[in-house]
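Heads up: the structure comes next, in structure tokens.
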Amino acid sequence: MQLLLDADGLIKLNRAGVLIQLAETHPCVIPGAVYDEVVTRGKVHLYPDADAIEAAVAGRVAVMPVQHGPGEPEFGLGAGERGILDLLPQLDDAFVVSDDRRFLTVLSMRGIAFLTPADMLVVLARQGVLTEAEARAALERLRPAIRTKAYWDARQDLESRGEGHEEE
Amino acid sequence: MRKNRVVPLRIPEHLDDLAALSAQEEHTDKATALRQWLHEGAAHYALELVAEGRISMSRAAEMLDVAVYELYRLAERHGVELGATDEQRRQSRALASRLGQPSADPHPPPRSL
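Protein sequences, first through last, are from chains G and Y. For the first sequence, the working numbering gives the first residue as 43, with consecutive numbering after it. For the second sequence, the working numbering gives the first residue as 4, with consecutive numbering after it.
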């Protein structure tokens, strides 16, 4: 199982504080264009998250160069998301982590599996990568960046998972 | 930096007066004040397109020539909720249920290129 992250997935999982744990327990891949959007361009504009993501990605996430053919449809997507679409045929058993409505629409139309960052936290908790308490804390950090409904769904999923489990 | 394009534009006198006032207070020139307003309006419009799922966040950042972080900052400042639709979240949760089994054999992390 390989995870492909777009800019949205990278930024939100870093904000949740779980990007390193995710990348150390699951094979993660990003196209070079996503790296450019999030790290290179972010650093040019002095966003501190760009430095944090650069450090988290280094040695943990495969950054793969992708050539996007001229004249190919863009579907309202940026270079990073188009890079993911170009990479997907090369990867076995891969799914995408993103919360970008436009990108998810294109993925859904193509039958490509995806997880939102909030649901990624739920999966990490269910797999034991994060404790209940860590997952809930991560969800709280993510809360300002996601839809209210997404927050409550994830919280409900974390709590239902926690029933009968020992708390931290 | 993107190339600029000269666009002849007719604007109402009252906006021209307001731009002059803004320029005076911001210690800049009127054209710069108008460009700032134009950019703010464009950013707000791009966020609407993102929220409606017509373009992605990355595409919006490309079109505005800003870092994608700037759009998240604007969305939070203006209280614009961005993210998956209800149906997309349903699909995501279904996958989460399938993947949420204890991982007995975690994959080793790949190397950066």
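Ideal placement from N, C-alpha and C gives every residue a C-beta, glycine not left out.
Cα-Cα separation, residue i to residue j
i	j	result
residue 19 (chain Y)	residue 34 (chain Y)	10 Å
residue 139 (chain G)	residue 48 (chain G)	7 Å
residue 94 (chain G)	residue 56 (chain G)	8 Å
residue 114 (chain Y)	residue 11 (chain Y)	At residue 114 (chain Y) the pLDDT is 42, less than 50, meaning the model places this residue with poor confidence and gives no usable figure here.
residue 132 (chain G)	residue 109 (chain G)	13 Å
residue 70 (chain G)	residue 81 (chain G)	16 Å
residue 109 (chain Y)	residue 44 (chain Y)	Confidence at residue 109 (chain Y) is low in this model, with a pLDDT of 46, below 50, so its placement is unreliable and the value that follows should be read with caution. C-alpha separation (whole angstroms): 47 Å.
residue 52 (chain Y)	residue 58 (chain Y)	6 Å
residue 188 (chain G)	residue 122 (chain G)	20 Å
residue 98 (chain Y)	residue 26 (chain Y)	53 Å
residue 62 (chain Y)	residue 88 (chain G)	20 Å
residue 151 (chain G)	residue 136 (chain G)	16 Å
residue 80 (chain Y)	residue 158 (chain G)	22 Å
residue 22 (chain Y)	residue 29 (chain Y)	10 Å
residue 186 (chain G)	residue 51 (chain G)	15 Å
residue 112 (chain Y)	residue 40 (chain Y)	The pLDDT assigned to residue 112 (chain Y) is 48, lower than 50, so where the model puts this residue is not dependable, and the model offers no usable value.
CB-CB length for residue i against residue j, believed under 8 Å
i	j	result
residue 83 (chain Y)	residue 46 (chain Y)	In fact, because the Cβ distance is near 11 Å, the residues do not count as touching under 8 Å.
residue 148 (chain G)	residue 199 (chain G)	Rounded, the Cβ-Cβ distance is 25 Å, inconsistent with contact.
residue 94 (chain Y)	residue 143 (chain G)	About 13 Å; that fails the 8 Å criterion.
residue 102 (chain G)	residue 154 (chain G)	Their Cβ separation, rounded to whole angstroms, is 23 Å, which puts residue 102 (chain G) and residue 154 (chain G) out of contact at 8 Å.
Beta-ladder partner(s) of residue i, from DSSP
i	result
residue 45 (chain G)	G:70 and G:137
residue 104 (chain G)	G:71
residue 156 (chain G)	G:138
Simplified DSSP state of residue i, which is helix, strand or coil
i	result
residue 117 (chain G)	coil
residue 208 (chain G)	Its pLDDT being 40, under 50, residue 208 (chain G) is placed unreliably by the model, and the measurement read from it follows with that caveat. Coil at residue 208 (chain G), not helix or strand.
residue 15 (chain Y)	coil
residue 187 (chain G)	helix
residue 54 (chain G)	helix
residue 201 (chain G)	helix
Contact set for residue i: own chain, Cβ-Cβ below 7 Å, skip 5 residues either direction
i	result
residue 67 (chain G)	171
residue 78 (chain Y)	50 and 85
residue 117 (chain G)	148
residue 17 (chain Y)	none
Proximity test, residue i beta-carbon vs the ligand GTP heavy atom, cut-off 8 Å
i	result
residue 96 (chain G)	The ligand GTP is not part of the structure shown, which contains no ligands of any sort.
Beta-carbon proximity list for residue i, same chain, < 6 Å, skipping 5 on both sides
i	result
residue 92 (chain G)	81, 84 and 85
Proximal residues to residue i (C-beta, below 8 Å), its chain only, five neighbours per side dropped
i	result
residue 181 (chain G)	58, 160, 163, 193, 196, 197 and 200
residue 107 (chain G)	73 and 74
residue 60 (chain Y)	53, 71, 74, 75 and 85
residue 116 (chain Y)	Summary for residue 116 (chain Y): the model assigns pLDDT 41, below 50, so the residue's position carries little reliability; its value from the coordinates is reported in the next sentence. Same-chain partners within the cutoff: there are none.
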